[in-house]
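This note's numbering puts the first residue of the sequence shown at 503, with every later residue one more than the last. Using N, Cα and C, we set each Cβ at its ideal position, and we do this for glycine too. One structure is given here, and the rest of the page talks about it.
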Amino acid sequence: MIGVRGSGENPIGPNHPGGAHGLGVPLEAVYERLPKGTGVYGLPYEARAVPQLFIGSVAEAAKGQRSLKFGGPPPKTTEVGASELVDQFRLQVKVCDKKLKNKQRIVLGGYSQGSLVIRLALNQLESEPLILDHIKGIVLLGDPSRDLVAAPALSSDLLSRRMSVCLFGDLICKGPNDKAARKTASACIAESTFGCPHFQYGGKAALDAGTGRTAWKAADYLKSALQRPDIDWRNRTYNLTCDDTVKDPVKVALRDGKGTARGEAIGGYDRWDVRIQRITQGKLPSLGSVTAVLFFCTPQPSNFFTQELRVYRSSNGSEIARVPHLSGGEWLPPEYQPESVAIRKDRIVADLKFYGPGDPHGSPSRLRHLSWTWDGRQFVTHDAGGDSPALSRIELSRERVTVNGIGPVKLGMSPEEAAKAIGATIPVESRGPTCVDHTVDGGPTGLFLRFTQDRLVAVGVRPPATEIHTASGIHIGSTRDDVMETYAAEIEATTSVHGNEELVFAPAAPEFAGKVIAFGMVDGTVGLFIAGERDWATLTGPCGGD
């Protein structure tokens, strides 16, 4: 434990108010409850009493002014202490890691001015994530309000490891505009431990005021942080979708980077075989230290695999978000090149191979370099330059139609989800009694998306969209022989109510049960086709005509 005492606390001697370890009274009370054998270091900075920070502020508050905001720079003793603390961090990590042959586990405690010292020091270490990763827990007692002094806030990553305690009526952390705090101003000016909550975080004053449990709770928090095991990324349970094979994430336990998922939640498969392809760590703006994990998932039985890239907080393993699903120019998504996945220059970067026209299954040929930044809610995809979002508008004419949808647009999506996946609006084209057909702004002309009860159930292709193909290469203009040879035993010939021939492809694989592609034949060639759920993938109505 590294402790940073408050203004005016004396660190000298076991019988002095500062306690035996240079921690000051409140932090000594915290340390006493930590596990035996926990080392301790009290930062020996000057910790001089700061009139402009404390007494001057409470005096102003005592006058009863409605709004007070000082917000000046931290006192010099605080800045010097922060520099000393940064040096101590570096020393602890360098010397102790080598001595222990393991990562040193550090918890921090700050009281009053000491809390400011900690915040300033951690801000200086923002560019050294390997040091910050050693910090398992932070407790700040009576952390001065920003109305009193300007000091940087902790990053969201460090906030997830911090406990901040501010007693009711504490003028220093509540600020001079807090009504309850103003009532304690006179006692604080007199430096009375009885009537000033800021002096009641530890020792006899805390016991007299009934706030003695404050230090105990802080100690329990740090104790839990110290005992929390380091995250073993190759041996833990993850929530995965096998790159949207299913909508709801499935828990998959990995051991030595490999695992298997079974059960109804994984869809129409016997199992998923999952392994980790890449683990990389770094620092991202507003997120702090993060770990990105690339998963490789193979649903069985099948002849395909998926990849998904998810990002976690390095400190506690909680998931932040996954990198968005990407669609290539064919029926399969692009393939990550695992060794290229990295975190640098405030972004996640990776090389991916996209499918191009004519690329065989398993052999994408188009290499692209992409990056992702965090916008506060999600990861945003960028092209190689990194300045503007990439793939913001999907060119659907290059996508392949399957029984599950087209490109990133999947059966089961709502109109809003489909529009977001495409990057374009989807106005209503025609409406029937039970379903609605939508077009896509910007084309391709002839493509329509069929919804019922705000759920995508089919994707249709009509002239002039001759450029849109199925996954197997069938398109408007393909001959009857092309269709029959392509789908062989899984094709059925029927006659429509108008007397035209329809060829219906119904895949035999269990994961495609209830889904078809229906081809409408005109003079021996494909005149139009529709793919999706059998009840809705019909060539004659019900959404506004033939």
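Cα-Cα separation between residue i and residue j, rounded to whole angstroms
| i | j | result |
| --- | --- | --- |
| V851 | Y838 | 11 Å |
| T739 | L593 | 35 Å |
| A653 | D589 | 19 Å |
| I978 | P946 | 14 Å |
| G1016 | R824 | 30 Å |
| Y547 | T883 | 46 Å |
| A549 | Q729 | 31 Å |
| K725 | L642 | 15 Å |
| K785 | G704 | 36 Å |
| R900 | I845 | 31 Å |
| V999 | F1014 | 26 Å |
| G831 | G858 | Note that G831 scores 43 on pLDDT, short of 50, meaning its location in the model is unreliable and no value can be drawn from it. |
| I768 | P801 | 8 Å |
| P891 | R868 | Confidence in P891 is poor, its pLDDT being 43 and thus under 50, which makes the residue's placement unreliable; the coordinate value appears in the next sentence. Computed Cα separation, rounded: 19 Å. |
| D877 | A655 | 19 Å |
| P516 | E530 | Low confidence applies to P516: its pLDDT is 40, below 50, so where it sits in the model is not reliable, and the reading given next is rough at best. So the two alpha carbons sit approximately 11 Å from each other. |
| V754 | A763 | 6 Å |
| F953 | T968 | 23 Å |
| H827 | D746 | 8 Å |
| D848 | D983 | 54 Å |
| I633 | I822 | 21 Å |
| L622 | S658 | 15 Å |
| E630 | G671 | 37 Å |
| A1010 | N805 | 14 Å |
| P731 | I778 | 21 Å |
| R684 | R715 | 24 Å |
C-beta atoms of residue i and residue j nearer than 7 Å
| i | j | result |
| --- | --- | --- |
| V1006 | E994 | yes |
| S791 | S816 | yes |
| I1019 | V961 | no |
| F856 | P836 | yes |
| Q809 | T793 | no |
| C698 | A689 | yes |
| V506 | L545 | yes |
| L618 | P576 | yes |
| E992 | A1008 | yes |
| Y533 | I504 | no |
| L650 | L624 | no |
First and last residue of the uninterrupted alpha helix (DSSP H) at residue i
| i | result |
| --- | --- |
| V527 | 527-533 |
| D853 | Not the alpha helix (DSSP H): D853 falls in the beta strand (DSSP E), residues 849-856. |
| G616 | 615-626 |
Best match in the options for proximity to residue i [C-alpha to C-alpha]
| i | options | result |
| --- | --- | --- |
| G644 | V942, L669, L949 | L669 |
| N737 | V1024, T808, V776 | V776 |
| G539 | F806, P835, T988, R607 | R607 |
| T904 | Q880, H971, P803 | H971 |
| Q880 | K847, G864, S842, V813 | V813 |
| M1023 | E1003, L1041, W874 | E1003 |
| G612 | V942, K749, V527, K760 | V527 |
| R902 | H863, R870, R933 | H863 |
| E897 | V942, V930, P866, S865 | V942 |
| S509 | A1033, F701, R621 | F701 |
| V795 | G770, F806, K760 | K760 |
| L525 | F1021, E511, C799 | E511 |
| F591 | I637, R870, T996 | I637 |
| S980 | G1001, K749, K605, D1025 | D1025 |
| A720 | Q955, M665, R780 | M665 |
| E586 | K601, D599, L627 | L627 |
For residue j and residue i, believed in contact at Cβ under 8 Å, the rounded distance
| i | j | result |
| --- | --- | --- |
| L951 | A920 | 6 Å |
| V595 | A727 | The Cβ separation is near 17 Å, so there is no contact. |
| N906 | S662 | Incorrect: roughly 38 Å between the Cβ atoms, too far for contact. |
| H940 | I928 | 4 Å |
| L913 | E1035 | 7 Å |
| F797 | L742 | 6 Å |
| I976 | V1028 | 6 Å |
| A708 | A717 | 7 Å |
| V959 | L1030 | Not confirmed; about 17 Å, so no contact. |
| D956 | P917 | 6 Å |
Beta strand (DSSP E) segment containing residue i, residue limits
| i | result |
| --- | --- |
| K760 | 760-763 |
| I781 | 773-786 |
| Q955 | From DSSP, Q955 is part of no beta strand (DSSP E); its letter is neither H nor E. |
| E1003 | 1003-1007 |
| G639 | 637-643 |
| G505 | 504-506 |
| W874 | 868-876 |
| A721 | Not the beta strand (DSSP E): A721 falls in the alpha helix (DSSP H), residues 715-729. |
| H811 | Residue 811 is actually Leu in this sequence, not His. It spans 808-815 - the beta strand (DSSP E) in which L811 sits, taken as one unbroken run. |
| L669 | Neither: L669 is in no beta strand (DSSP E) and is coded neither H nor E. |
| S932 | 930-933 |
| D1037 | Run containing D1037: none; DSSP gives neither H nor E here. |
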